[in-house]
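Undergrad:
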Amino acid sequence: MKLLDRLMAVDVDAIPHDKIIYDQAPVRLFKSDFLEKFTHITPQAILCIWLPVIAFFAVTGVLNWPAGASPLWYLAAFGFGFVLLWTFLEYILHRFVFHYRPRSRTQWQLIFLFHGVHHYQPHIKTRLVMPPAVSIPGAILFYALFYLVLDVILGLPFLVAPMFAGTVLGYVSYDMIHYATHHLPAKGSAMKFLKRHHMEHHYKTPDARFGVSTSLWDQVFHTEPDDASQPSHRRA
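Residues 191 to 426 in the working numbering are what the sequence shown lists, from first letter to last.
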């Protein structure tokens, strides 16, 4: 018997890939109570975990900034991570990883654990933001990549901290926007657009509109259907 079959409580073979249900109780993912706890997380917990990390790297970047380097490079690195790099990663991960078309039962089990359960039960509040069991290893991986590219390859170690801080802030913004699109009233034109954009992804075009915090990359890669609302790239 495969490992996931032994661990998982839900039988993915009994769940149609395009099914949406509105049962009040969240579907149980793991047989183990210990593992099941890691599948639920609140937005408040995300803020408590990641805001100190952002502050640490933002301040570290300032304290270690070279005397001869223009502070504009700090702002550029932070802004690049926040505005462009994260939103691009968000789009790529959502489109090509979370919406990967499974070719085996094991692949469908993994996709259901990471994202399919959210499409199956989009109303469950504690499965709207990324669990630390996934986000922390991911952050470590991307920090290692930043260090490799900026420090080892390009010889610009002072850009690692601000770019990493900006990227993590982009991730936190994404999680908060995602939660808001499902459970908070939309205020302002930007949030109203993002809410409609994401709801259409869930209920109308699950194979399009992959951006959550912006529609920019959907338009760049032509996954924004022609009947979409007037686009807005502003972050809410």
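From the three backbone atoms N, C-alpha and C, an ideal C-beta is built for every residue, glycine too.
From a predicted model like this one, the values you see are computed outputs, not experimental measurements.
(1) Please look up how many angstroms separate the CB atoms of glycine 271 and methionine 353, rounded, as I've assumed it's under 8 Å.
(2) Sort Glu414, His368 and Thr250 by Cα distance to threonine 232 and report the nearest one.
(3) Residues in its own chain within less than 8 Å of phenylalanine 247 by CB, not counting five upstream and five downstream?
(4) Taking the straight line between their C-alpha atoms, what separation do you get for histidine 391 and leucine 374?
(5) Out of Val307, Val249 and His284, point me to the one whose CA is closest to alanine 204's CA.
(6) Mapping the DSSP letters down to three states, classify arginine 424 as helix, strand or coil.
(7) What distance in whole Å lies between the Cβ atoms of histidine 387 and leucine 318, which are believed to be in contact at a cut-off of 8 Å?
(8) Using three-state DSSP, classify alanine 418 as helix, strand or coil.
(9) Pull up the distance between the alpha-carbon of leucine 335 and that of valine 342, whole angstroms please.
(10) Buried or exposed: which applies to tyrosine 310, given that a residue is buried once 16 or more other Cβ atoms fall within 10 Å of its Cβ?
(11) Among Leu338, Phe220, His284 and Ile330, which one has its Cα closest to the Cα of leucine 303?
(12) Let me check understanding here. Comparing Cα to Cα, which of Val402, Leu349, Phe332 and Pro321 lies closest to phenylalanine 228?
TA: This is what the structure holds:
(1) The Cβ separation is near 4 Å, so the contact holds.
(2) Of the listed residues, the one whose Cα sits closest to threonine 232 is His368.
(3) Result list for phenylalanine 247: Ala351, Pro352, Phe354, Ala355 and Val358, in chain order.
(4) Counting only the Cα atoms, leucine 374 lies some 17 Å from histidine 391.
(5) Closest option to alanine 204, Cα to Cα, is Val307.
(6) At arginine 424 the pLDDT is 42, less than 50, meaning the model places this residue with poor confidence and gives no usable figure here.
(7) Going by Cβ atoms, the distance from leucine 318 to histidine 387 rounds to 16 Å, so no, they are not a contact pair.
(8) Note that alanine 418 has pLDDT 47, beneath the 50 cutoff, so the model's placement of it is unreliable and the number below is only indicative. In this structure, alanine 418 counts as coil in the three-state DSSP scheme.
(9) Approximately 10 Å, taken between the alpha carbons.
(10) Flag for tyrosine 310 reads buried.
(11) For leucine 303, the closest of Leu338, Phe220, His284 and Ile330 by C-alpha to C-alpha distance is Phe220.
(12) Of Val402, Leu349, Phe332 and Pro321, the residue nearest in Cα terms is Pro321.
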